[in-house]
Structures are given as structure tokens and as C-alpha cells.
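Below is one structure, written out as C-alpha cells; comments come after it.
In my numbering, the protein residues as written are 3 to 482.
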């Protein structure tokens with residue numbers, strides 16, 4: 003499959019380079035240039051804003067049944083073309099093709115869920131205090147939304163934002179990642195094919211700081227949704243506050259895993275390796291800080307290292323590949339910093355800890371064992387194929403370890419003792435607490451973080467409500 007020509011999508015029109023500035027998009031497995039991506043000019047952004055305003059005026063008046071039809075048709079087309087879209091993901095991100103296909107299926111599920119949920123955007127009747135009065139609360143679309151998507155889930159993240167906003171009756175301008183643009187454009191094409199009116203969705207690329215300032219600063223935009231780093235999220239939040247705009251921010255994770263002494267450490271290691279090295283660890287919910295009870299720590303480390311060592315790393319288009327490259331050279335440099343720090347402290351690295359090959363952005367699956375609280379990887383999310391373990395005892399220390407950082411997106415607990423599980427569920431400060439498995443997000447469940455990991459929730463009914471206003475109506479009927 004050939005990589006497509008890259009364009010902007012504004013007001014229902016596909017806009018190519020045509021003299022605009024641009025940037026190359028690379029295949030991280032080979033380093034080869036896939037295509038040139040056009041950057042939106044200020045005039046393009048003005049057109050996108052005007053299109054979103056007009057699109058919102060039309061889309062908000064479209065019946066929920068018709069909105070659902072468009073989203074469900076998009077979901078069906080996405081599944082029908084799963085393999086083609088998955089290939090785009092693998093080419094521009096490096097993700098193994100099997101994982102890319104699974105991502106497309108999950109993205110289609112988001113469109114389907116929000117299609118149905120948009121038909122159930124119920125208000126409520128509030129019993130009045132006086133005779134002849136009526137009181138009710140209505141849910142109405144918030145307005146045009148500025149969405150900002152990261153590169154690590156190029157189908158899921160745009161789909162979560164676009165489908166939720168459209169289901170609520172909002173229009174969208176999305177600045178998808180400049181490193182994984184073709185996937186977002188493929189989603190836009192499916193929506194257009196499914197009958198989405200012109201202007202309801204606009205897709206732009208360019209300088210992130212300039213685009214975010216332009217869009218968020220516009221009075222047309224009434225809400226923002228962002229997935230990315232905590233530092234960038236705080237910058238966007240400061241812009242949004244100036245215009246009192248609604249915001250949903252899904253930010254950094256650095257997820258802890260509590261492994262208690264009542265589980266089989268070898269069995270947990272088997273599932274943990276699969277979860278950790280999915281998408282080369284470039285997942286906001288990726289388990290990273292493994293706190294293992296002292297009595298089973300060494301057994302867990304030995305089995306985890308053995309399994310990690312056996313992972314086949316290679317080009318994601320090879321069906322035998324289990325872990326692809328990192329997304330870009332910046333991630334390689336970041337991994338080196340974590341390993342340099344660990345080695346400077348004489349901390350053991352039982353497996354990995356090095357780049358692989360002479361081309362592409364490949365890094366070995368890595369485990370840093372028995373780290374202390376001062377180690378870089380103990381405090382900074384690696385966002386890559388690095389796991390770190392710490393032995394803990396007594397159990398009372400478990401909650402402190404989980405909560406010691408200013409992050410709280412996903413946390414995992416492995417135990418057969420429901421007293422342990424209950425204590426951790428009550429005590430962990432995180433938006434998602436997952437017990438005895440690794441699935442942190444589904445279309446029907448809320449997904450968001452505590453503390454520096456975010457504001458608000460995506461997914462589930464909460465995700466739809468993020469794009470809605472609530473209007474209270476009180477009517478006193480005239481006497482008959």
C-alpha cells in the first residue's frame with residue numbers, strides 16, 4: 003500500500019501544499035520520508051474557524067438520529083477498511099500491524115458507542131415548588147471544539163475526540179499530530195463519505211504553538227480537548243482560561259503497578275510484559291513503576307527479563323514483529339537518558355538498555371531492577387519500552403508508593419486478596435484503578451486523570467457531557 007498525499011481538510015475541501023510551508027513525515031522503522039505535510043496558514047485557520055462556526059449552526063440542528071447514522075456509517079467503513087488504515091498507522095508510527103488493526107477496531111467502537119449515546123442525551127424534569135410551574139434541565143451542544151491529538155494512538159485519540167464532540171452536536175477543528183497525519187485524514191475521509199456536512203469537521207497541521215494560540219484565542223471556539231504531555235496541557239489550559247473555555251485534558255501517566263505476595267509472580271510477569279511493551283511502551287496508561295512485594299520480587303524480575311528478552315523487535319509490517327520502533331529520534335534520546343542515570347547509580351539492568359540496529363528508531367525492551375526513589379525513571383514517565391521495579395514491604399507502604407508522584411491516570415493492582423484490592427481502590431489517587439488485568443479504557447467507560455494527569459473525562463456518558471452545556475428552564479404557566 004502506498005502512503006497517500008497529505009492535505010488539510012477545511013470546509014469539506016482537501017487542500018495540498020500549493021506553496022505552503024510543510025514538513026516531512028518519516029517512517030520510524032526505516033528513516034525514509036513518507037510524504038510532505040502542508041502547514042496551515044493563518045488564512046487557512048481563519049477559514050477553518052469560519053467553517054466550524056457555520057458547521058456548528060447546521061450540525062446542532064441535525065437530529066440525533068441522523069447524527070448517529072453518520073457516526074455508525076463511519077464506524078462500519080472503518081471496520082471494512084481496517085487493514086488499509088492499520089497499514090497507515092504502522093507506516094507512520096511503527097506499531098506492529100496486529101496492534102494497529104486492534105487500534106482501528108477500538109476506534110470504530112468509539113464511533114459506534116458515541117453514535118448510540120448521542121441519541122440518549124437526556125435532560126430531566128425537576129418537580130416544581132409551585133402549582134402551575136414547570137422546571138427542567140436541557141443538554142445542549144457546547145459549540146465549536148478545538149481538539150489536539152498526540153501521535154501515539156493516531157486512530158483512537160482523534161476518534162475519541164471527534165466522535166464524542168459530533169455525537170453531542172458540536173463541530174470540530176482538530177490539530178492532529180504532524181508525525182502521524184495520514185490516519186487522522188483517513189478518519190476525516192470516512193466521515194465525509196458517510197455524509198458529514200461540510201465544515202463540521204476540519205483537520206489542520208502546522209506549528210503547534212501558533213495553531214493552539216490561534217484556535218483557543220478565537221471567540222468561535224467554546225471548548226478544547228487535548229491529549230499529550232502535562233507541560234503542554236498546562237500551557238493550553240492557561241490559554242483556555244483566558245476565554246473561560248471548557249477543557250478536557252488527558253495528560254501524563256507514569257502508571258504504578260502493585261504486585262502483592264499472594265499472586266503467582268511468573269504468571270503476572272507474562273501478562274505484564276505484553277501490557278508494558280504494547281506500542282513500545284508509548285501509551286499513557288502503560289504500566290511502568292512495578293512495586294513488587296519483597297518476597298516475590300526476584301522471581302518476578304527473572305521471569306519478566308526472560309520474557310522481555312524473547313520479544314522480536316522489528317519493522318511493524320512484519321507479522322512476526324511483537325514490538326516496533328519508537329516513534330522518533332527524540333524518544334531514543336530520552337531512553338538513553340534514563341539508562342545513563344540508572345547506570346550512574348549502579349542499578350541493575352537485567353535486560354535491554356540499548357539501541358538496536360543502524361537505521362530506524364529501535365530500542366530494546368528494557369527492565370531496570372530495584373530502583374530507588376531518586377532514580378530518574380522513578381520520577382519521570384519514560385513513555386517508551388522501559389519498566390522499573392522496586393521491592394516493597396510492608397503492605398502499608400503500597401499506597402504511599404502509588405501516590406508519591408503528582409500523576410494519577412492509571413494504576414494497576416495484582417492481588418488475590420480482596421482486602422488488599424479494596425484498600426488500594428480506596429487509597430489510590432488515580433482516575434483509573436485496574437485490578438488483576440490491564441484494560442484501562444473502553445468506549446463505555448470514563449477515562450481521565452487525577453492531579454497533573456488531567457482535567458475531566460473522555461469516554462462513556464461523561465465523555466459526551468464534556469461537550470454539552472446544561473440549560474435550566476423554569477416556566478410559570480398562566481392560570482387557566
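No residue lacks a Cβ here, since even glycine has one placed at the ideal position from N, Cα and C.
Candidates the options: closest to residue i by CA position
i	options	result
residue 123	243, 186, 67 and 159	67
residue 236	259, 224 and 211	211
residue 448	458, 321 and 313	458
residue 334	41, 7, 31 and 27	31
residue 244	260, 219 and 228	219
residue 425	40, 406, 399 and 407	399
residue 52	150, 440, 322 and 173	173
residue 329	113, 297, 472 and 284	284
residue 107	222, 84 and 177	84
residue 59	87, 111 and 168	168
residue 452	478, 256 and 382	256
residue 419	397, 384, 341 and 264	264
residue 86	110, 112, 34 and 188	188
residue 316	432, 386 and 359	359
residue 488	258, 350, 43 and 311	Outside the displayed range of the chain (3 to 482) lies residue 488, so it cannot be described from this structure.
residue 274	388, 422 and 340	388
residue 311	78, 356, 297 and 347	356
Buried or exposed (CB count within 10 angstroms, at least 16 for buried), residue i
i	result
residue 208	buried
residue 460	buried
residue 154	buried
residue 413	buried
residue 361	exposed
residue 206	buried
residue 214	buried
residue 164	buried
residue 480	exposed
residue 183	buried
residue 116	buried
residue 242	buried
residue 246	exposed
residue 240	exposed
residue 114	buried
residue 46	buried
residue 467	buried
residue 314	exposed
Whether residue i touches residue j by CB criterion (8 Å)
i	j	result
residue 62	residue 166	no
residue 409	residue 403	no
residue 411	residue 455	yes
residue 143	residue 469	yes
residue 250	residue 232	no
residue 485	residue 295	Residue 485 falls outside the range modelled here, since the chain spans only 3 to 482, and no answer is possible.
residue 367	residue 325	yes
residue 185	residue 148	no
residue 291	residue 267	no
residue 229	residue 151	yes
residue 141	residue 472	yes
residue 175	residue 54	yes
residue 80	residue 198	no
residue 272	residue 217	no
residue 146	residue 224	yes
residue 287	residue 434	yes
residue 9	residue 17	yes
Sequence-distant residues of the same chain with beta carbon closer than 7 Å to residue i, five excluded per side
i	result
residue 36	5, 27, 28, 29, 93 and 94
residue 101	280 and 281
residue 319	92 and 99
residue 138	125, 126, 127, 128 and 475
residue 352	303, 307, 369 and 371
residue 104	none
residue 109	80, 157, 158 and 161
residue 407	256 and 381
residue 118	70
Close Cβ partners of residue i (< 6 Å) along its chain, the five nearest in sequence each way excluded
i	result
residue 555	Because residue 555 is not part of the residues shown, which for the chain are 3 to 482, the question remains open.
residue 196	72, 75 and 76
residue 464	448
residue 429	401
residue 56	201
residue 136	477
residue 483	Nothing can be reported for residue 483: it is not among the residues displayed for the chain, which extend from 3 to 482.
Same chain, Cβ closer than 8 Å to residue i, neighbours up to 5 away in sequence not counted
i	result
residue 343	377, 378 and 379
residue 49	12 and 13
residue 25	38, 39, 41 and 180
Cβ of residue i within 8 Å of any chain D Cβ
i	result
residue 303	The chain labelled as chain D is not found in the depicted structure, where only one protein chain is given.
What alpha helix (DSSP H) runs, 4 residues minimum, are completely inside the segment 246-319?
The qualifying runs are 267-278 and 299-311.
Just to confirm the assignment: which complete beta strand (DSSP E) runs, minimum length 3, are found wholly within the segment 122-173?
The segment 122-173 contains these whole beta strand (DSSP E) runs: 135-143 and 147-150.
Let me know the beta strand (DSSP E) ranges lying completely inside the segment 338-414, each 3 residues or longer, listed in chain order.
Counting whole runs of 3 or more residues, the segment 338-414 contains the beta strand (DSSP E) stretches 368-370 and 388-394.
Can you give, in chain order, each stretch of the alpha helix (DSSP H) that sits fully within the segment 185-250 and has at least 4 residues?
Along the segment 185-250, the alpha helix (DSSP H) occurs as fully enclosed runs of 4 or more residues at 210-219 and 232-244, listed in sequence order.
Threshold first: 4 residues or longer. Then list the alpha helix (DSSP H) segments lying entirely within the segment 58-128, N to C.
Counting whole runs of 4 or more residues, the segment 58-128 contains the alpha helix (DSSP H) stretches 66-82, 84-95 and 99-120.
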